[in-house]
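One structure is given here, and the rest of the page talks about it.
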Amino acid sequence: MSIRDQIHNYYEGKVTEAIANMAGDRGYDNEQMVDLACLALNNLPTRYFRHEVDLAFYMSAHEHDDIDRRVRQAINDAIAYIESQKGT
Numbered sequence: 151m152s153i154r155d156q157i158h159n160y161y162e163g164k165v166t167e168a169i170a171n172m173a174g175d176r177g178y179d180n181e182q183m184v185d186l187a188c189l190a191l192n193n194l195p196t197r198y199f200r201h202e203v204d205l206a207f208y209m210s211a212h213e214h215d216d217i218d219r220r221v222r223q224a225i226n227d228a229i230a231y232i233e234s235q236k237g238t
């Protein structure tokens, strides 16, 4: 198994889950959903882990709330950008 297969960015899962909840009913196609994820992830810090349970265990409730807030804001910003580009 390569190193690449063993490391993950914590925000990737959070962003993909939140996009499904926040943008799933907007009628975006798969390409736009992937663009939303990329735009949101580019506006978030990276937080790499090897085993998610280890990372989640050591974060405080405040850190979890802050991450959720940042994810929602990044997705809202990405949606605003996608919407502003329609028809251009």
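Under this note's numbering, the first residue of the sequence shown is numbered 151, with each subsequent residue one higher. We put the CB at the ideal spot given by N, CA and C, even for glycine. Small disclaimer: the values here were computed from a predicted structure and weren't measured.
First through last residue of the alpha helix (DSSP H) which encompasses residue i
{"i": "R222", "result": "A211 to Q235"}
{"i": "N193", "result": "Per DSSP, N193 belongs to no alpha helix (DSSP H) and is neither H nor E."}
Opposing strand residues paired with residue i [DSSP bridges]
{"i": "H158", "result": "F199"}
Straight-line gap, residue i to residue j (C-alpha atoms, nearest Å)
{"i": "N159", "j": "N226", "result": "20 Å"}
{"i": "I157", "j": "A206", "result": "15 Å"}
{"i": "A211", "j": "Q235", "result": "36 Å"}
{"i": "A228", "j": "I153", "result": "30 Å"}
Buried versus exposed, by CB contacts within 10 Å (16 or more), residue i
{"i": "A190", "result": "buried"}
Taking contact to mean 3 or more Cβ pairs, one atom from each stretch, closer than 8 Å, check whether the segment 155-166 and the segment 220-232 are in contact. yes
Is it the case that the segment 175-189 contacts the segment 200-216, given that we only count it when at least three CB pairs across the two stretches are under 8 Å? no
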